[in-house]
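Here the structure comes first, spelled out in structure tokens, and everything after it is commentary.
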Amino acid sequence: MEAQGASAMPQASQEAQDKARQQAENQETAKNGMISQILDQAAMQRLSNLAVAKPEKAQMVEAALINMARRGQLSGKMSDDGLKALMERVSAQTQKSTSVKFDRRRNELDSDEELDL
């Protein structure tokens, strides 16, 4: 009896994984369908190129597009120029400035003080 219970546990786990994977695929399909309705052909090509080069940034642009569509901020299909402007706004929001800071500890590392006896 315990053997049947042990084999049922992995099967239930497998079914849950299959269900989660199917749900994720459905969400991805719905997202892609919505984006294809929002963008014209040239803009779709640009977004797919961005997805290959920088997937994280492409996801952020896709999320921004979907939010704009849900709020009714888009009228008609967005052109390639409109997508470029949106990509620039997303880049400006997420751009991280890199700075190098030198911490000079002159008092602790001063070689002159080591020689004083």
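Under UniProt numbering, read the sequence shown as residues 1 to 117, first letter to last.
Beta carbons are placed, not taken as given, at the ideal position from N, Cα and C, and that holds for glycine.
Predicted model only: the values in this text are computed from it and were never measured.
M34 to V52 span [Cα, whole Å]
The residue given as residue 34 occupies position 34 in the sequence shown. The residue given as residue 52 occupies position 52 in the sequence shown. M34 and V52: Cα-Cα distance of roughly 19 Å.
From M87 to S99, what distance separates their C-alpha atoms?
Against the sequence shown, residue 87 aligns to sequence position 87. Against the sequence shown, residue 99 aligns to sequence position 99. Cα to Cα, M87 sits roughly 24 Å from S99.
With distances taken from CA atoms, which of D18, K57, Q45 and Q41 is nearest R89?
For this step, residue 89 is matched to residue 89 along the sequence shown. Of D18, K57, Q45 and Q41, the residue nearest in Cα terms is K57.
Can you round the beta-carbon distance between T94 and M60 to whole angstroms, since I take them to be within the 8 Å contact cut?
Taking the first residue of the sequence shown as 1, we reach residue 94 at position 94. Taking the first residue of the sequence shown as 1, we reach residue 60 at position 60. Yes, they are in contact, since the Cβ atoms of T94 and M60 sit about 7 Å apart, within 8 Å.
Per DSSP, what kind of secondary structure is L65 in: helix, strand or coil?
Taking the sequence shown and counting its residues from 1, the one referred to as residue 65 is at position 65. Residue state, collapsed to three classes: helix.
Out of A64, Q37 and L65, which one is the CA nearest neighbour of K77?
For the purposes of this step, residue 77 is identified with residue 77 of the sequence shown, where counting begins at 1. Residue Q37 is the option with its Cα nearest to K77.
Would you report the Cα separation of L47 and D103, rounded to the nearest angstrom?
Here residue 47 corresponds to residue number 47 of the sequence shown, with the count starting at 1. Here residue 103 corresponds to residue number 103 of the sequence shown, with the count starting at 1. Roughly 42 Å between the two C-alpha positions.
So, using beta-carbon positions, are K101 and I66 closer together than 8 Å?
The sequence position of residue 101 within the sequence shown is 101, counting from 1. The sequence position of residue 66 within the sequence shown is 66, counting from 1. Contact flag unset, no.
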